Structures are given as C-alpha cells and as structure tokens.
Amino acid sequence: MLKLISLVLLVGVALASDVLEFTDSNFDSSIGDHEVALVEFYAPWCGHCKRLAPEYEKAASKLKTNDPPVALVKVDCTAEKSTCDRFSVSGFPTLKIFRNGQVAQDYDGPREAEGIVKYMRGQVGPSAKELKTVADFEKFIASDETGVVGFFEVESKLKDSFFKVADTERDRFRFGWSNNAEVLKKAGYTDDIIVYVPSKLHNKFEAGTFKYDGNYDTDKIKNFLVHDTVGMAGVRTQGNAFQFERKPLVVVYYNVDYVKDPKGSNYWRNRVLKVAQDYKRKVYFAVSNKEEFAQEIEQNGLSDRKDSDKPIVAALTKDGKFPMNAEFSIPNLKQFVEDLLAGSVEPYMKSEPVPEEQGDLKVAVGKNFKELITDADKDVLIEFYAPWCGHCKSLAPKYEELATKLAGEDVVIAKMDATANDVPPMFDVRGFPTLYWIPKNAKDSPVPYQGGREVKDFIKYIAQHSTDGLKGYSRDGKKQKKTEFGPEAFTVVLDGNARVNFDVSASQFDYANSHLIPGAS
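Numbering-wise, the sequence shown is residues 210 to 730 according to the numbering used here.
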C-alpha cells in the first residue's frame, strides 16, 4: 500500500506543471484571475508546439515568482474548439497576451525560455523596480540573473536618462533603482548606474559588477548595457546573443549549465578567461551551450566534433567562420587566437561543388562567390533561394528568361542556394527568395532588390540602375530600335565646319537616343 501511495505521489510530482491549462468551460472565469497572462493556443500534433513546450514550461516556472507574477496558460485547440475559434486561431502555436481577462495583443517575442521571461517581464509593472529597503536591494542582486541598478541620492539628469532607458529596454534587462539612504550607504553609490553579475559567474579574473562611467546620454547608457556588461567571457545564450555582436568573437561550446552543473561550467569558463584576459578589446570571448547552439556548431564546421568531452571552439568574424581544429587546452586556445589575429587560420565555408559549366544564369556557390560575384567587373543581380520554396519555383522560369535576354550585357544574373551554401555576412537573407543588386563599383554595398518579379520589371530596374547602361535597352527599360548599315563610309558635317568620317561596317544606330551604339566605327 505504501509503495502504491509513493508511486501516486511520484506520478503527481512528474505531472506537476507551472503552465496552467484552460478549457472551454473555465477559460473566461480563470483568465480574469490574472493581471497579465500569456496564452498558447496549440495542437498536440504540432511540431513547433512540441519544441516550444519545454521552453514554455521553464519560463512559466520563473514567471510565477515574478513580482508581479505572470501566468503562462495553454489551450488545446483540438479539444477546446469554441475558445480557439473565438480568438481566431488559425495556426499553431498562436500566442496572445491577456490583460485582466481581455486579449491585449499578439505575442511576437522569442520562443525560448530566457527570451519569453524577459519579454513578459517587460509587460508588467514599472520598468524599474523600486528598492525601498536594504533587504529589497540584497534580494534583487541575489538573483541568478544580471541586474541593472540606479542609485540616485537626488534628482539628476542621469536619473532621468536611466528611467528612459529602462522604459525602452525593459524586455532585455532587469532594472531596479533606489534613493533610500540606507540602500545607498550599503551599496556605496549616490548617482550611479551599476550592473550586478549573478554570483554564479563571479571569478578571480574580473569584478562582479560593472559601473557606467559615461554621461547622461541614453544611447551611451544602452551601448554600455549591451556591450560592456557580459565580462571577458560571458555566457552567451539565444536570449542574450544581441550582447555578443562585436567581432572577432571566439565562442567556446560545451555543456554550459549553471543549474545542473555550475562547477563544471566554471571549470571550463575559467580556462577561457585565463586566455581572454590577454586580449581585452582586441578579441571578444563567450561560452555557449552545445545543445542550445547545435545548429550554429554545424554552420561553423564543427559537426564531427560536437560529441567531444572537451569544449570545441569557433571564431566568428566579419570575414567568416574559423573553427579551431586542435583539441581544447589553454595553450591551444591562445595559439588559435594568435593565428586568427595573424590571418593564418583557414575559414570554414559551406559550399556545393563549383559548377563545371555556366549558362546565361550563373550559379554561385560558397567556393566561387568571390570570383563570380565579388571580383566580377560587372553589375550583379543575385537571387538567394531555397529548393523547397514555392515562390522561388514560381520565379525560376522568369529569372532564367531574364538571364537569357541580358546575356550580352555588362551584368551578371546569378542565383545561390542559401540552404546549401554559406551566404556572405553582408547579405541579410531571412526569407526566400531574397534578391540583391550589387553595383560593380560598390561591391561592398549590396542593395536589397524591392522591384517587381516579372521579366519586364527586372529589366526596367537593371536598365535604370546599371553602372554604364545597357546596350539593348534604354534607361527606362525600353528595347532599343536598331538599324543595320551596310559596309560603306560616310561623312558627318558638324556646325558647318568640323568633319567626322565614319567607316561603318555593319554598325548600328540608335534612333531613340540619336547616337551610334558602342562598337560602331
């Protein structure tokens, strides 16, 4: 009997969830109990819903203890059809934010736990929590998340700017403030902004706090928070990746987990810090969880080493991705950084084989991109596509026709499978197809193509934007009228005096613009 009771208790614990589940019968009566709630409308068979589930659960556990708390709710649309129909749910998962029982807005934030927590915290309460007592202050900085605290003995421009920044950045950072004399005395600050790093990340190589030393300019405060508060080797996650955009960035991937294995997480991070301290402001460092960044590891050419019991390393630079081939150690990491700075590390490039032959429509891959696109002394129109993309398939015959029509022009019409090749960093490809116009005299400044998708639309755009104009089309995209001359010579008298002799052998005259087409004698 005792075994049965124990089993029931264990099952109850296993099934316990911080995500509330509402039905048609209790949705209206229950949703109003929560000042702010995030509701997921889902289907059990939905793949995206299954991937979201563990992140949603982790976020719910954190947000239920938030001050004020935020409820995370789910509704099974295969069973609770009335509720889902009422809120016009047409795809899964659909997430909506409710305030005091009424739908307020669609949720368009992150889909991982850390991001959900930060986003939803930004939806409740003041942007900065007032720390009225020393106990409030100590509780705030004891959190396992970074905290930004403003200390203000009197009114000041810095205080005004602090609150402006808190209002705009509340979904990315946790803010607190105090003007309490005891709190200021305890902290040792009077008109300052201080960032407190969680104690789990404290180390002997750097302080556990970061002090803002700038003026009251809000942009400078934001820049400080984004770039100068992660430390020499911060823990990079999907939720805070925006803080690690400076390059070159050396990322060390291993089983970073400060909940289940803080000791092991710090063991490897301390070794990274030992190297990082020698490259301040020259190279940036981060540690990341291998599972969380599995896709990035593959993109960096480290797939064959993802199961290593030691960390694996890649450098992300403006020129590409550089995997470290040597086994992780302090000397090897230091040598890798030295080689990276010296330019002697081979970049990794995902690429299909270079085509043996090219037609009118050029095929760019990772390995020939520089030769075919960047170094070509021609204007370029390039399409980044995906083989499975329906819009790309619809565009394909028109794009082929365009390449054929402009085969003799000083322009390259090209395409690249963005799923099978690395897209150079200068191109922002977030959907398919994505097209860019690249002037031959500004290869480092590609322009997103925003024109129509018919052949005539492309021709008109290219005619207008081509560096030297097109031979077969006027600047407004109209086909040139051409007349053939026989093999004979003639003389043109200019202003009654100057005489220009032409020996025209099968030359052409452009009547629309009254000039000989280049190539005429």
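All C-beta atoms, glycine included, are put in the ideal place defined by N, C-alpha and C. Since the structure is predicted, the reported quantities are computational estimates derived from the model, not experimental observations.
#1: Using the Cβ count rule (16 or more neighbours within 10 Å means buried), how would you classify T303?
#2: Which same chain residues, not among the five before or five after A442, have their C-beta less than 7 angstroms away from its C-beta?
#3: Going by DSSP, name the residue or residues bridged to F593.
#4: Using a Cβ distance threshold of 8 angstroms, determine whether the stretch 341-360 contacts the stretch 294-301, with at least three qualifying pairs required.
#5: By DSSP, does T583 sit in helix, in strand, or in coil?
#6: What are the boundary residues of the alpha helix (DSSP H) that N541 is part of?
#7: Under a Cβ-count criterion, where at least 16 other Cβ atoms within 10 Å of its own Cβ denotes burial, should R684 be classed as buried or exposed?
#8: Give the secondary structure of L303 by DSSP, where H, G and I count as helix, E and B as strand, and everything else as coil.
#9: Work out the CA separation of P633 and E505 for me, nearest whole Å.
#10: Just how far apart, CA to CA, sit S603 and K267?
#11: DSSP state of W386, grouped into three classes?
#12: In whole angstroms, give me the CA-to-CA distance for S226 and E566.
#13: Report yes if the CB atom of L570 is closer than 8 angstroms to the CB atom of Y658, and no otherwise.
#14: Mind pulling the alpha helix (DSSP H) runs of 4 or more residues that sit fully within the stretch 463-514?
#15: Contact check, K271 vs V326 under 8 angstroms by CB: the rounded distance?
#16: Looking at C-alpha atoms only, which residue of A288, V228, Y488, G617 is the closest neighbour of T274?
#17: Which of the three DSSP states, helix, strand or coil, is assigned to D227?
#18: Nearest to D516 by CA position, among A523, Y463, Y476, V492, is which residue?
#19: If you check the beta carbons only, do K649 and K579 fall under 8 angstroms apart?
#20: What span of residues does the alpha helix (DSSP H) with F346 cover, start to end?
#21: Can you tell me whether DSSP reads D317 as helix, strand or coil?
#22: If you follow the beta strand (DSSP E) that K665 is in, where does it begin and where does it stop?
#23: Taking the alpha helix (DSSP H) that K687 falls in, what are its first and last residues?
#24: Given this structure, state the Cα-to-Cα distance separating K409 from Y467, to the nearest angstrom.
#25: L458: which of K429, N475, P532 sits nearest, CA to CA?
#26: Among G324, S560, E555, K305, whose alpha-carbon lies nearest the alpha-carbon of D315?
#27: Identify every residue that forms a DSSP beta bridge with Y658.
#28: Can you tell me the Cα-Cα spacing of E547 and K491, whole angstroms?
#29: Using the three-state DSSP reduction, which class does F636 fall into: helix, strand or coil?
#30: Looking only at its chain, what residues have a beta carbon closer than 6 angstroms to the beta carbon of M558, apart from the 5 residues adjacent to it on each side?
#31: In the DSSP assignment, find the alpha helix (DSSP H) that holds D428 and state where it starts and stops.
#32: Could you give the DSSP three-state label for F531: helix, strand or coil?
#33: Quick one: is V363 buried, meaning 16 or more other Cβ sit within 10 Å of its Cβ, or exposed?
#34: Quick one: what's got a C-beta closer than 8 angstroms to R330's C-beta in the same chain, skipping five residues either side?
#35: Rounded C-beta distance between V406 and T418? I'm assuming under 8 angstroms.
#36: For the structure I just gave you, are there three or more beta carbon pairs, one from the stretch 438-452 and one from the stretch 387-400, closer than 8 angstroms?
Walking through what the data contain:
#1: buried
#2: R478, V481, L482, A485, F494, A495, V496
#3: M625, T643
#4: no
#5: helix
#6: 539-551
#7: exposed
#8: Sequence inspection shows Thr at residue 303; the Leu mentioned does not correspond to that position. In the structure shown, T303 sits in a strand (DSSP, three-state: E or B).
#9: 15 angstroms
#10: 42 angstroms
#11: strand
#12: 59 angstroms
#13: no
#14: 471-485, 503-508
#15: 5 angstroms
#16: V228
#17: coil
#18: Y463
#19: no
#20: 343-350
#21: coil
#22: Taken as a continuous stretch (DSSP letters only), K665 belongs to no beta strand (DSSP E), being part of the alpha helix (DSSP H) at 664-674.
#23: Per DSSP, K687 belongs to no alpha helix (DSSP H) and is neither H nor E.
#24: 7 angstroms
#25: P532
#26: K305
#27: None; Y658 has no bridge partner.
#28: 11 angstroms
#29: coil
#30: G575, D631
#31: 427-436
#32: strand
#33: exposed
#34: L272, N275, V279, R379, D380, R383
#35: 7 angstroms
#36: no
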